[in-house]
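Chains as they are written, first to last, in my numbering: chain A, 291 to 655; chain B, 43 to 331; chain C, 9 to 421.
We treat Cβ as the ideally placed atom computed from N, Cα and C, and that holds for glycine.
A quick note: this is a predicted structure, and the numbers were derived from the prediction, not measured.
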Amino acid sequence: MSDRTGSKACRAGSSGIRRGEAVAGWVFTAPVVIILGVFLLIPVVMALWVSFSDWGGRGSPLSGRVNFVGFDNYTDLLFESGLGARDFGTAIKNNFWYVVLVVPLQTALSLFLAVLVNNAVLKGRGFFRTAFYFPSVTSSVAITVLWLFLFTGSGVINQILAWFGVHGPNWFNDPTGVGHALLANLGIEQGPEFLTSHGFLNVSWWDWLSGPSMAMTALILMAVFTTSGTMMLLFLAGLQNVGHDVHEAAMIDGATAWQRFWKVTLPLLRPTLFTVITLGLIGCWQVFDQIYTGTAGDPAKTTLTPAYLSYSRAFRQQEWGQGAAMAFILFFIIVIFTAFQRWLLRERTPKQPKEKRKPAAEGAR
Amino acid sequence: MTTAAATSRRRDLIGARLWRQVALYALLVFLAVIYIYPFLVQVATSFKTESEAASNAISLIPKTFTTEAYRRLFLVSDFPLWFRNSVIVTLFVTAGRVFFDSLAGYALARLHYRGRNVVFALLIAVMSVPGVVLLIPRFLVIRQLQIYNSFAGLIIPLLVDAAGVFIMKNYFESIPVSVEEQARIDGAGAFRTFWSIVLPMARPALITIIILSFQGSWNELSHFIVASQDPELITLTKGVAQLASGQLGQGTQYPLKLAAALIMTIPVAILFFIFQRQIMSVTEGAVKE
Amino acid sequence: MTRKQTRLRWRALALLLVSALVLAACGDDGSEGGDGDLTSSDDPITVLIGSSGDAETNAVKEAVAAWSAESGVQAEVLVATDLGQELAQGFASGEPADLFYMSPDQLVGFAANGSVKAYGKYLDNKDDFYEALVNNFTVDGEFYCAPKDFSTLALIINDAMWEEAGLTADDYPTTWEELTDVARKVTTDDHVGLAFGAEWQRIGVFMAEAGGALVENGNAVANSDANVQALQYVKDALNEGIFAYAADIDAGWGGDAFGKQVAAMVIEGNWITGFMRNDHPDISYTVVELPAGPAGKGTLQYTNCWGMAADSPNQQAALDLVEYLTSAEQMLKFAEAFGPMPAVKSAADQWKQANPSMVAFLDGAEYAQWQPVVAGIGDVIGDFNAQLGQLKTADPKAILDQVQSNLEAILSE
């Protein structure tokens, strides 16, 4: 993404240089540079220092009384086995399941909605688009409050489930993992020895298999509910770029709607797909507002996320170094996931002629 | 729908198409109900009594209609104060972003000066930092600058955003240079050219920035948590979030909380309905960048 | 990446470092809160409290306003939604509240990094406090802060439901067997027999009654047989449906469950009396001592103190306010308003006379356990509580083993 925009800037510059442009240029960009520098870049540098220090939250972190402790804060989180490290592992596990479920679900649902709404002869198209998009404009705080209410033990969701004879769980108070529940249905109540005795990040493999808890599942549904609208708009934009002539051509070839979707539309939507998944990945690893508003990590720490844990380590337990270290580990994870996703969705169908992809939107944001 | 499509042969085209249309609308209506119903429940519950909210959650018509939740919000709690604070912050942030983003966007699109590349690099670097990494560091800088617990601390860090600069820059690049040329020949300075010639032409992009900034700052939570602690400076998101997480000694209070969340949604909803068409194309613009 | 871009990145980085250095140079160092005299200024006093409800909030506000009028120093009471977070953020920001509620385990952490002022020795009435309370707020031999009051846990019984089940005062349970027995009798489709929060702060009473504890003589004893037995007892009753966690019956805490009448009995402390009077004045209830377990009677007790910030610019006035708030007269007023027991000996007799229906709370103080005072205990108990949430299906021994290893880790530090 940065490569493209960067080189574009370097290329620009055909119109002539005039008097005072240098001054004006700096004056015009100064507010942006100063504010972003002071409130975005310097903070990151300071936090990096804090993550290598033993600062306890009093006085300035830059004062002489604060000591450099090397990678201690990082190794404590990743390679020790104390409570702090276990909490961090749990938070990563929780958020991992959140990402693994939310990203595909929101992508599939929003694509589905976009295809439905994209129908040119559809009556009430505007209404449906508005209905699907509306949850996206509301704040995460307001939606979380609503969700807490919908998913109470005797709440709306469980009443609806009851119509179908399903006895719903007490969502936000139920730490049961969906994965463990499924395994229990198959008769596996206790994890086998080789899964319970080994693990990753202080969480046993068996616990990794627990999947999201009921509480986390409710939050996953909420994320899908609130983001699918925005993603739908992105796909709609992509679909409009695909245009009708391509479809007509395919229709003449006798392809069914299903074939057309998979063989023609989807490949052409690759750049939009890329954008949607990237946005999803970046957003999903930063779950904070919902946890702060709704669950504070409960029940049984099954909705603890690294973002929230980083905050509470620093602002509650005054373990600023560890809190900052978590934030940087999280940053690293986001970078890894985005890179992996980029590699996964890379171009590998040389059959397709280059010109055909031109009309599609560029995937950068 | 798809099974219908698969089985339909050309001979029964009209019948199949009709059937498909009905199925499509049924599906859309069903989905729309899922998306809208929660908000209707929210409105209804805010007018219920607390016990009815618990016992009769699903109904859209309160058995005993009461405005108690709203009375408490506006007369007993600090809610009006939170609302006022949110309005102040949002207005400043929106105005700031519109002005500074377009100024910088113009400079990057049109003006040539040494160091422009550095500015560009800064913007790109900033955009790749996930917000959650900034929670702790922002707090550190804000207290270092001694603007903790002040409106300055709430507003200034949000006053510009890199994405907005890019949107403006892209838009300015799409305006033909010839428009400005005449003004320049007439001897207008860079700022005058920008202010009275180019900016008025960038209305669609400006509206985009207004929508994004308004929504962004109205719905912001984490920055407000770390930037102040003074109860006088609590904004809606922070106030309602703390109300939701509850305190010992209070019940579940769902009508009250849902009323608070509802009122908080209204300004964004109004903005949404006014600029609906624009919003739909905002994201399209974002993709095309 | 092109070479040009690499250069760009470097330039950006250089810019960044320069500005970071500039900022570092102008960074202030904060004031040195030494052991010398208390600070004094004209600054107004801010009091931050974690309130159990309107009753407590109003009582504290009234008292502070009265002091303010008397002393001429401006003072404001703020109610925290999350006291721990607001305190920590306040200390880190350099602008903390001057006075605040603080629990013994919070004190350990805040004392270690110098956030709080040890002012106990300056108190005029320092000899009037119960010794056990003073010990809770003494770190490394220094008496840090004045205990504001204390509370114990007892069994709160809904009179109407009790009668409905055909029970009388003779049936108030005195043993575990009797407790399960009456809980079974009062449980109906609309309410459970006994409700409490899914936390050690409530379930710990059963551990105490079985003869267990978390820490004894500085050693971790969390996975003792007594504790296993206690959790097993609770687990069985939860699974039978005669006990329930407050959250599982859609209540925020025990008092909420009691007020909503979804539980016939709850385990709560003194604070519930103020809450009931304020929010549910029409429910009649009785407070009795918790039933004895295999090892006799047991309960938990809690106390908070008036913490003072090391960074407060007006500690002299804050001290004056603390003395006012901890006078026997004022403590009796608080007791009346929201239920806790006065922390000073001189108020004991008067409190007993004024609150005959609450004697059970004070009786409990004779055998109650304190929460262990160790740095990091809050996290360990938080982790314990997270596991107690799953007690219905989990193995009590496994839960306690983990608590044991967590405790050993913080005790060895």
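Alpha-carbon spacing of residue i relative to residue j, whole angstroms
i, j, result
"Gln84(B)", "Ala474(A)", "36 Å"
"Ala116(C)", "Val229(C)", "It should be pointed out that residue 116(C) corresponds to Val in this sequence rather than to Ala. Taking the straight line from one Cα to the other gives about 21 Å."
"Leu24(C)", "Gly327(A)", "Reliability of the predicted coordinates at Leu24(C) is poor, the pLDDT of 48 falling under 50, and no value is obtained from them."
"Asp387(C)", "Arg603(A)", "10 Å"
"Phe618(A)", "Arg185(B)", "21 Å"
"Ile252(B)", "Pro350(C)", "57 Å"
"Asp37(C)", "Ser350(A)", "Residue confidence is low: Asp37(C) scores 37 on pLDDT, short of 50, so the model does not pin down where it sits. Its coordinate-derived value is still stated next. Computed Cα separation, rounded: 5 Å."
"Pro302(C)", "Tyr180(C)", "17 Å"
"Ala68(B)", "Thr520(A)", "23 Å"
"Asp143(B)", "Asp228(B)", "26 Å"
"Glu171(C)", "Ile389(C)", "37 Å"
"Asn384(A)", "Thr593(A)", "6 Å"
"Lys591(A)", "Asp328(C)", "42 Å"
"Leu367(A)", "Ala345(C)", "46 Å"
"Ala326(C)", "Ala252(C)", "43 Å"
"Trp75(C)", "Tyr332(C)", "7 Å"
Cutoff 6 Å; reference residue i; Cβ partners in own chain excluding five residues on either side
i, result
"Ala146(B)", "Val207"
"Phe330(C)", "Note that residue 330(C) corresponds to Val in the displayed sequence, not to Phe. Taken in chain order, the residues that qualify are Ala154, Trp314."
Cβ neighbours of residue i in the same chain (closer than 7 Å, five flanking residues each side left out)
i, result
"Val468(A)", "Gly501, Pro502, Thr507"
"Ala301(B)", "Ser88, Ala111, Tyr112, Leu115"
"Ala404(A)", "Met522, Phe525, Leu526, Leu529"
"Ala283(B)", "Leu263"
"Lys353(C)", "Asp136, Tyr138"
"Asn414(C)", "Val388, Asp391"
Neighbour flag for residue i against chain B, beta carbons, 7 Å
i, result
"Lys335(C)", "Per the sequence presented here, residue 335(C) reads as Ser, with Lys not at that position. It does not; no Cβ of chain B falls within 7 Å."
"Gly92(C)", "no"
"Thr319(A)", "yes"
"Ser426(A)", "no"
"Gly122(C)", "no"
"Val468(A)", "no"
"Ala597(A)", "yes"
Contact with chain C by residue i, beta-carbon distance below 7 Å
i, result
"Phe441(A)", "no"
"Tyr296(B)", "no"
"Arg185(B)", "yes"
"Leu373(A)", "yes"
Residues near residue i in its chain [Cβ-Cβ closer than 8 Å; skip 5 each side]
i, result
"Phe116(B)", "Pro122"
"Asn231(C)", "Lys405, Leu408, Asp409, Val411, Gln412"
"Leu559(A)", "Leu401, Phe525, Gly528, Leu529, Val532, Ala650"
"Leu571(A)", "Val389, Val393, Ile624, Phe627, Thr628, Gln631"
Short CB-CB distance (under 7 Å) between residue i and chain A
i, result
"Gly397(C)", "yes"
"His154(B)", "yes"
"Lys299(B)", "yes"
"Ala99(B)", "yes"
"Met210(B)", "no"
Secondary structure of residue i, DSSP reduced to three states
i, result
"Ile164(C)", "strand"
"Cys313(C)", "strand"
"Lys305(C)", "coil"
"Gly249(C)", "coil"
"Gly195(B)", "helix"
"Ser220(B)", "helix"
"Tyr155(B)", "coil"
"Gly384(C)", "coil"
"Pro155(C)", "strand"
"Gln361(C)", "helix"
"Asn322(C)", "coil"
Anticipated Cβ contact below 8 Å, residue i with residue j, distance rounded
i, j, result
"Ser264(B)", "Asp579(A)", "7 Å"
"Val55(C)", "Glu84(C)", "7 Å"
"Leu391(A)", "Phe525(A)", "Leu391(A) to Phe525(A), Cβ: 20 Å. No contact."
"Phe137(C)", "Ala119(C)", "Actually they are not in contact, since the Cβ atoms of Phe137(C) and Ala119(C) sit about 18 Å apart, beyond 8 Å."
"Leu141(C)", "Val213(C)", "Rounded, the Cβ-Cβ distance is 20 Å, inconsistent with contact."
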